[in-house]
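Undergrad: Take a look at the following structure, please.
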Amino acid sequence: MAKTGRRPGRPDTRGEIVAAAARCFARAGYDATSTRQVAADAGVDPALVRRFFGGKEELFTEVAAALIDPDRVMTAVAAGATDQAGERLLRYFLALLGDVQQPGPLLGVVRSAVTSEQAAHALRIFLAQRVLGGIAEALHIDQGEVRAALAASQLVGIAVSRYAVRLPSLAAADDEQVIGWVAPVLQHYLTGDLQPVGLRAGGTRA
């Protein structure tokens with residue numbers, strides 16, 4: 002008889018399924034991954050995956066939440082001077098991505114979102130509801146939604162260009178160099194003047 006419950010001695014079955022899903026998404030991408038494959042990787046019955054998560058999109062969201070950890074993002078951004086929030090956010094993100102030659106599972110989430118509209122939809126909702134709004138609230142800034150979205154676009158761009166495509170100049174640089182280049186841009190997105198340059202002086206474009 003197929004087993005549908007938790008296995009003896011394995012109390013964190015849910016966490017093991019999420020970890021297995023992260024491996025599968027990183028290895029095969031979103032579209033080519035099925036809940037049955039995740040179940041096989043985790044060593045559980047597929048019915049247990051459906052019981053915990055419902056479907057693949059919900060499972061993908063749980064993987065993103067486990068890897069990114071919205072609470073830790075908020076802590077990283079808010080714990081310190083506001084004018085250094087961009088650097089703290091970037092350091093946290095680079096730590097999640099890991100070594101350029103052997104990236105962590107977060108790159109699999111980013112790749113999935115780039116190559117699958119369904120994964121991109123799930124990630125957009127997760128970021129909007131559980132990450133971006135929290136960043137704006139933590140920093141007490143105006144235009145919080147657009148600021149957080151701009152910051153997210155910069156972080157995803159770094160993930161794709163440095164870790165997936167491996168553009169030589171970025172892949173060869175160490176983290177401190179990348180932080181020196183990118184943190185000021187993130188800081189501007191988070192706290193700088195977002196008014197278009199042509200409108201800053203007189204209120205109308207030249």
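One point on numbering: in the numbering used here, the residue at position 15 of the sequence shown is 16, and numbering is uninterrupted.
Yeah, the Cβ is synthetic: ideal placement off N, Cα and C, and Gly gets one too.
For GLN144, which option in TYR190, VAL111, ALA48 and LEU168 has the closest C-alpha, if you only look at C-alpha atoms?
TA: Here the closest residue by C-alpha is TYR190.
Undergrad: Just curious, the alpha helix (DSSP H) that ASP42 is in, first and last residue?
TA: It spans 36-43 - the alpha helix (DSSP H) in which ASP42 sits, taken as one unbroken run.
Undergrad: What's the call for GLN130, buried or exposed, on a 16-neighbour Cβ count within 10 Å?
TA: So GLN130 counts as exposed.
Undergrad: Out of ARG28, LEU140 and GLU58, which one is the CA nearest neighbour of THR36?
TA: When only C-alpha atoms are compared, the closest one is GLU58.
Undergrad: Would you please state the rounded distance, in angstroms, between the beta carbons of LEU97 and ILE69? I believe it to be under 8 angstroms.
TA: Their Cβ separation, rounded to whole angstroms, is 7 angstroms, which keeps LEU97 and ILE69 in contact under 8 angstroms.
Undergrad: Which of helix, strand or coil does DSSP assign to PRO104?
TA: Residue state, collapsed to three classes: strand.
Undergrad: What number of angstroms, rounded off, separates the C-alpha of ALA140 from the C-alpha of LEU95?
TA: Note that residue 140 corresponds to Leu in the displayed sequence, not to Ala. Spanning the two alpha carbons is a distance of roughly 21 angstroms.
Undergrad: If we ignore side chains and look at the alpha-carbon of each, how far apart do GLU88 and ASP46 end up?
TA: Cα to Cα, GLU88 sits roughly 43 angstroms from ASP46.
Undergrad: Give the secondary structure of GLY87 by DSSP, where H, G and I count as helix, E and B as strand, and everything else as coil.
TA: If DSSP states are grouped into helix, strand and coil, GLY87 belongs with the helices.
Undergrad: Measure the Cβ-Cβ separation of VAL39 and ALA22 and say whether it is below 7 angstroms.
TA: A contact, by the Cβ cut-off of 7 angstroms.
Undergrad: Looking at C-beta atoms only, is the number of pairs between the stretch 173-189 and the stretch 113-121 that lie closer than 8 angstroms three or more?
TA: The stretch 173-189, when compared against the stretch 113-121, does not touch it at the 8 angstroms Cβ threshold.
Undergrad: Should GLU118 be counted as a contact of the ligand PLP given a C-beta to heavy atom distance under 6 angstroms?
TA: Absence of the ligand PLP is noted for the structure shown, with no ligands found whatsoever.
Undergrad: Do you know offhand how far ILE159's Cα is from GLY105's?
TA: Roughly 14 angstroms between the two C-alpha positions.
Undergrad: Does VAL19 pass the burial test, meaning 16 or more other C-beta atoms within 10 Å, or should it be called exposed?
TA: Flag for VAL19 reads buried.
Undergrad: Alpha carbon to alpha carbon, what distance is there between ALA150 and PHE42?
TA: Before going further, note that residue 42 is Asp rather than Phe in the sequence given. In a straight line, the C-alpha of ASP42 is about 34 angstroms away from that of ALA150.
Undergrad: Could you pull the start and end residues of the alpha helix (DSSP H) that ASP72 belongs to?
TA: It spans 71-79 - the alpha helix (DSSP H) in which ASP72 sits, taken as one unbroken run.
Undergrad: What are the start and end residues of the alpha helix (DSSP H) that includes SER170?
TA: First-last of the alpha helix (DSSP H) with SER170: 169-173.
Undergrad: Contact defined as beta carbons within less than 8 angstroms: I believe ARG163 pairs with ALA172. What is the distance between those atoms, to the nearest angstrom?
TA: About 6 angstroms; that satisfies the 8 angstroms criterion.
Undergrad: If you drop the 5 nearest sequence neighbours on each side, which residues of the same chain put their C-beta closer than 8 angstroms to that of ILE126?
TA: Excluding positions up to five away in sequence, the list reads THR62.
Undergrad: Can you name the residues that DSSP bridges to GLY99?
TA: Bridge partners of GLY99: PRO104.
Undergrad: I need the boundaries of the alpha helix (DSSP H) containing PRO197, first residue and last residue.
TA: Looking at the DSSP string, PRO197 is not in any alpha helix (DSSP H), and its letter there is neither H nor E.
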